[in-house]
Amino acid sequence: MRVTFLGTGTSQGVPVINCDCGVCRSDNEYNRRMRTAVTVNTGTDILLIDTPPDLRTQLLKWPVPRIDAVLYTHSHADHILGVDEIRRFNYLQEQRMDVFAAGDTLDRLRTIFDYAFSEGELNYGIPNLKGHIVDSEFTVGRTVIVPVPLMHGKQQIFGFRIGDFAYCTDVSAIPQNSWNLLDGLEVLVLDALRLREHPTHFSLQQAIETAERIGAGKTWFTHMSHDIDHAKHSKLLPRNMAFAFDGLQLDL
Ligand SMILES: [Zn+2]
Ligand SMILES: [Zn+2]
Ligand SMILES: [Zn+2]
Numbered sequence: 086m087r088v089t090f091l092g093t094g095t096s097q098g099v100p101v102i103n104c105d106c107g108v109c110r111s112d113n114e115y116n117r118r119m120r121t122a123v124t125v126n127t128g129t130d131i132l133l134i135d136t137p138p139d140l141r142t143q144l145l146k147w148p149v150p151r152i153d154a155v156l157y158t159h160s161h162a163d164h165i166l167g168v169d170e171i172r173r174f175n176y177l178q179e180q181r182m183d184v185f186a187a188g189d190t191l192d193r194l195r196t197i198f199d200y201a202f203s204e205g206e207l208n209y210g211i212p213n214l215k216g217h218i219v220d221s222e223f224t225v226g227r228t229v230i231v232p233v234p235l236m237h238g239k240q241q242i243f244g245f246r247i248g249d250f251a252y253c254t255d256v257s258a259i260p261q262n263s264w265n266l267l268d269g270l271e272v273l274v275l276d277a278l279r280l281r282e283h284p285t286h287f288s289l290q291q292a293i294e295t296a297e298r299i300g301a302g303k304t305w306f307t308h309m310s311h312d313i314d315h316a317k318h319s320k321l322l323p324r325n326m327a328f329a330f331d332g333l334q335l336d337l
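Under the numbering used here, the residue at position 156 of the sequence shown is numbered 241, and the numbers go up by one with no gaps.
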């Protein structure tokens with residue numbers, strides 16, 4: 086299985102427009118972060134988790150030959166606004182794109198992108214999506230996917246576990262019943278927004294403590310703001326934790 090990070094930045098991206106802080110002005114490319122998403126190639130199936138506004142740029146830099154399904158963590162703008170780029174895959178694959186999400190996320194997608202859920206013949210001027218509500222384990226092709234409920238402030242969203250890999254962005258607390266879904270991981274991806282606490286995201290310290298409790302072989306942090314200087318703050322991390330960066334590829 087190969088995981089490719091298309092973006093590792095918070096909702097505004099890094100650099101932030103018109104910000105002259107040290108990270109935004111940094112010439113370290115690890116401090117340039119597009120909005121958060123990954124592709125997961127299991128060997129048989131290729132999944133895209135979220136469609137951020139940078140998706141076109143991301144898939145030009147780190148292409149995939151096809152996409153078998155899109156999984157949505159939740160419906161915040163930084164995770165959905167690139168959905169129109171799915172048109173290209175409708176055209177190449179000559180079929181609707183299967184989209185998996187919680188019921189409330191799918192409702193929001195249908196409201197915001199009402200034109201994208203048409204039926205009948207494909208229309209290549211718009212994304213052609215087929216929604217699937219998930220609340221428990223499901224499969225795409227030969228790949229088994231376990232949704233992991235996470236708290237993002239007061240909202241419940243999904244992380245996803247595929248084999249011994251789990252992707253948990255936009256999280257500020259792990260619900261009681263989700264810890265056991267994260268047992269025995271080889272690789273965990275976890276939200277670590279910034280140094281100070283935040284109502285809807287883990288701070289770096291909270292992320293480190295959560296990663297220690299989950300105990301994955303390796304934890305990669307994502308969804309970072311311009312608070313996080315890759316080189317400087319990497320020194321604060323335990324040995325089996327690191328900041329992910331755009332273009333990072335992991336082979337499991
Ligand atoms: Zn986000
Ligand atoms: Zn800045
Ligand atoms: Zn969010």
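No residue lacks a Cβ here, since even glycine has one placed at the ideal position from N, Cα and C.
According to the DSSP assignment, I247 belongs to the beta strand (DSSP E) that extends over Q240 to I247. Counting the other Cβ atoms within 10 Å of the Cβ of L140 gives 16 or more, which makes it buried. As DSSP reads the structure, D336 sits in a beta bridge with R87. Following the DSSP letters along the chain, one finds K146 inside the alpha helix (DSSP H) bounded by residues L140 to K146. By the Cβ rule, the stretch 314 to 327 counts as touching the stretch 280 to 297, because three or more pairs are nearer than 8 Å. When Cβ pairs closer than 8 Å are counted between the two stretches, the stretch 207 to 215 is seen not to touch the stretch 112 to 119, the count staying below three. Shown here for S263: same chain residues with a beta carbon closer than 6 Å to its own, the five before and five after excluded, namely V233 and P234 in chain order. As for any alpha helix (DSSP H) of minimum length 4 sitting wholly inside the stretch 130 to 188, the runs are 140 to 146, 162 to 165 and 171 to 178, ordered along the chain. Three or more beta-carbon pairs separated by less than 8 Å link the stretch 234 to 249 to the stretch 265 to 282, which places the two stretches in contact. Residues of the same chain with a CB within less than 8 Å of the CB of P138, apart from the 5 flanking positions on each side, are R120, A162, D163, L166 and G167 in chain order. The Cβ atoms of V225 and L91 do not sit closer than 8 Å to each other.
Inter-segment contact for the stretch 170 to 188 and the stretch 104 to 113 is absent: fewer than three beta-carbon pairs are separated by less than 8 Å.
A direct Cα-to-Cα measurement between G300 and S203 gives close to 44 Å. CA-CA distance, V219 to L321, rounds to 37 Å.
Here DSSP, grouped into helix, strand and coil, assigns V274 to strand. Within the same chain, no residue comes within 6 Å of P150 by CB-CB distance, once the 5 residues on both sides are set aside.
Scanning I211, V256 and G205 for the CA closest to the CA of D199 turns up I211. K317 sits in a helix when the DSSP states are folded into three classes.
With 16 or more other CB atoms across the displayed protein chains lying within 10 angstroms of its CB, T136 is buried. Using a cutoff of 7 Å, the CB of S221 does not count as near ligand 1, since none of the ligand's heavy atoms is closer than that.
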